[in-house]
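Contents: one structure, followed by commentary.
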Ligand code: FES
Ligand code: FES
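Chains as they are written, first to last, in our numbering: chain A, 2 to 156; chain B, 11 to 189.
Printed below as a string of structure tokens:
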């Protein structure tokens, strides 16, 4: 049994310690927001937040996660990042969206006023096979404005 | 240079020329960090010139075969390795079937200090826009200092017959600060 703290709740998970967090989220805990794209850290569809930073959950074994704080899109509530993705219509098929939102969320919590270069280099590891990157970047800029002017609240 | 080469496989002129032009050698690993700019430039230099450089560098290296480290023996894989690294680096992972070297041949894993191994685990090898080049995801956010230290120690023990590394989490923290 490995105890995982996800979105503020502790889950006892009966899985092999080398199991990627992504599989546990989707197969054991029915949290299907994070997606499987490549399983190799090459697409970012599986991105979640661990201890405040964006990680590829497909490459993060649960053995690495006891005593750490995991956040997924299911626990985000109504973040300005989600609002901005909706307003900018930054999803086409939506497969990459949860990962994009989580990576942007982690960025803006650390750096509410990122430069264009910081936004681009941070988001570069998440791919959108529908090619909505320009809208995604617009959404991140918009969320930055919203979060930068409001006080960022972390759960 | 002779003494400094800790390669699991001896470098040949052809292997060096490949590495210098493409940033990758199937028997040794990928060029990263400051070496990236060098191999990028050399990609557009006439092949004969790069070959001449390779001939010169190879002439400074030992001719006899260095040891060939064995693949990991029995026993289960470390769960951190299996879950974080195995998808690409385990025996028979798709990447190794596409010509990427076993970690046993990695220059970083066979180096005197764990610096390069820790560095690459933390930072990965970033995408190079529009260029075919080696890539590795960064693990700085996914793994704690203690986990990176354990993993590097495990790699050394499993894939190299050089002296074991003793790595403290504080050593990793120091390299992380430099990120
Ligand atoms: S599924 Fe994790 S990076 Fe692609
Ligand atoms: S919206 Fe389809 S993959 Fe990004």
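Quick reminder that beta carbons are idealized off the backbone N, C-alpha and C, glycines included.
Tell me the rounded alpha-carbon separation between residue i and residue j.
{"i": "residue 139 of chain B", "j": "residue 2 of chain A", "result": "42 Å"}
{"i": "residue 144 of chain B", "j": "residue 98 of chain A", "result": "26 Å"}
{"i": "residue 115 of chain B", "j": "residue 82 of chain A", "result": "44 Å"}
{"i": "residue 76 of chain B", "j": "residue 35 of chain B", "result": "Note on residue 76 of chain B: pLDDT 44, under 50, position unreliable in the model; the coordinate value appears next. In a straight line, the C-alpha of residue 76 of chain B is about 17 Å away from that of residue 35 of chain B."}
{"i": "residue 83 of chain B", "j": "residue 143 of chain A", "result": "Because residue 83 of chain B carries a pLDDT of 46, less than 50, the predicted location of this residue cannot be relied on, and the following value inherits that uncertainty. C-alpha separation (whole angstroms): 53 Å."}
{"i": "residue 96 of chain A", "j": "residue 43 of chain A", "result": "14 Å"}
{"i": "residue 45 of chain A", "j": "residue 39 of chain A", "result": "8 Å"}
{"i": "residue 62 of chain B", "j": "residue 149 of chain A", "result": "55 Å"}
{"i": "residue 166 of chain B", "j": "residue 174 of chain B", "result": "6 Å"}
{"i": "residue 22 of chain B", "j": "residue 60 of chain B", "result": "13 Å"}
{"i": "residue 93 of chain A", "j": "residue 124 of chain A", "result": "17 Å"}
{"i": "residue 58 of chain B", "j": "residue 25 of chain B", "result": "14 Å"}
{"i": "residue 51 of chain B", "j": "residue 69 of chain A", "result": "43 Å"}
{"i": "residue 47 of chain A", "j": "residue 104 of chain B", "result": "20 Å"}
{"i": "residue 178 of chain B", "j": "residue 188 of chain B", "result": "16 Å"}
{"i": "residue 125 of chain B", "j": "residue 52 of chain A", "result": "25 Å"}
{"i": "residue 89 of chain A", "j": "residue 99 of chain B", "result": "39 Å"}
{"i": "residue 141 of chain B", "j": "residue 41 of chain B", "result": "14 Å"}
{"i": "residue 159 of chain B", "j": "residue 56 of chain B", "result": "42 Å"}
{"i": "residue 192 of chain B", "j": "residue 101 of chain B", "result": "Since the displayed chain B opens at 11 and closes at 189, residue 192 of chain B lies outside it and no answer follows."}
{"i": "residue 63 of chain A", "j": "residue 180 of chain B", "result": "23 Å"}
{"i": "residue 132 of chain A", "j": "residue 138 of chain A", "result": "11 Å"}
{"i": "residue 91 of chain A", "j": "residue 140 of chain A", "result": "7 Å"}
{"i": "residue 183 of chain B", "j": "residue 164 of chain B", "result": "18 Å"}
{"i": "residue 136 of chain A", "j": "residue 87 of chain B", "result": "42 Å"}
{"i": "residue 176 of chain B", "j": "residue 185 of chain B", "result": "15 Å"}
Would you mind giving the Cβ-Cβ distance between residue i and residue j, rounded to the nearest angstrom? I have them listed as a contact below 8 Å.
{"i": "residue 127 of chain B", "j": "residue 92 of chain B", "result": "About 18 Å; that fails the 8 Å criterion."}
{"i": "residue 67 of chain A", "j": "residue 23 of chain A", "result": "Contact flag wrong, Cβ pair sits at about 17 Å."}
{"i": "residue 7 of chain A", "j": "residue 50 of chain A", "result": "Actually they do not touch by this definition, with Cβ atoms about 10 Å apart."}
{"i": "residue 61 of chain A", "j": "residue 21 of chain A", "result": "6 Å"}
{"i": "residue 30 of chain B", "j": "residue 46 of chain B", "result": "Not really, about 12 Å apart at Cβ, beyond 8 Å."}
{"i": "residue 107 of chain A", "j": "residue 55 of chain A", "result": "4 Å"}
{"i": "residue 90 of chain B", "j": "residue 157 of chain B", "result": "6 Å"}
Compute every distance between the C-beta of residue i and the non-hydrogen atoms of ligand 1, then say whether any falls below 8 Å.
{"i": "residue 104 of chain B", "result": "no"}
{"i": "residue 60 of chain A", "result": "yes"}
{"i": "residue 124 of chain B", "result": "no"}
{"i": "residue 149 of chain B", "result": "no"}
{"i": "residue 23 of chain A", "result": "yes"}
{"i": "residue 98 of chain B", "result": "no"}
{"i": "residue 86 of chain A", "result": "no"}
{"i": "residue 95 of chain B", "result": "no"}
{"i": "residue 134 of chain B", "result": "no"}
{"i": "residue 42 of chain A", "result": "yes"}
{"i": "residue 143 of chain A", "result": "no"}
{"i": "residue 45 of chain A", "result": "yes"}
{"i": "residue 91 of chain B", "result": "no"}
{"i": "residue 36 of chain A", "result": "yes"}
What residues match up with residue i in a beta bridge as DSSP calls it?
{"i": "residue 6 of chain A", "result": "A:11 and A:70"}
{"i": "residue 57 of chain A", "result": "A:48"}
{"i": "residue 135 of chain B", "result": "B:146"}
{"i": "residue 18 of chain A", "result": "DSSP lists no partner for residue 18 of chain A."}
{"i": "residue 62 of chain A", "result": "A:21"}
Is residue i near ligand 2, with its Cβ less than 8 Å from a heavy atom?
{"i": "residue 130 of chain A", "result": "yes"}
{"i": "residue 39 of chain A", "result": "no"}
{"i": "residue 93 of chain A", "result": "yes"}
{"i": "residue 97 of chain A", "result": "yes"}
{"i": "residue 48 of chain A", "result": "no"}
{"i": "residue 101 of chain A", "result": "yes"}
{"i": "residue 133 of chain A", "result": "yes"}
Let me see if you follow: with CB-CB separation under 9 Å, is residue i close to chain D or not?
{"i": "residue 59 of chain A", "result": "Protein chains in the displayed structure are A and B, and chain D is not among them."}
message: When you compare the segment 91-109 of chain A with the segment 33-51 of chain A, are there three or more beta-carbon pairs, one atom per stretch, that lie closer than 8 Å?
response: yes
task: Say whether the segment 65-80 of chain A touches the segment 118-127 of chain A, bearing in mind that this needs 3 or more beta-carbon pairs closer than 8 Å, one atom from each stretch.
output: They do not touch, by the three-pair rule.
- prompt: Three or more beta-carbon pairs under 8 Å between the segment 151-166 of chain B and the segment 94-107 of chain B, yes or no?
  reply: yes
- prompt: Using 8 Å as the Cβ pair cut-off and three pairs as the minimum, do the segment 77-86 of chain A and the segment 10-17 of chain A touch?
  reply: no
message: Three or more C-beta pairs under 8 Å: does that hold for the segment 106-121 of chain B against the segment 165-173 of chain B?
response: yes
message: Under 8 Å, with one C-beta from each stretch per pair, do the segment 128-135 of chain B and the segment 106-113 of chain A reach the 3-pair mark?
response: In short, these stretches do not touch, since the Cβ pair count stays below three.
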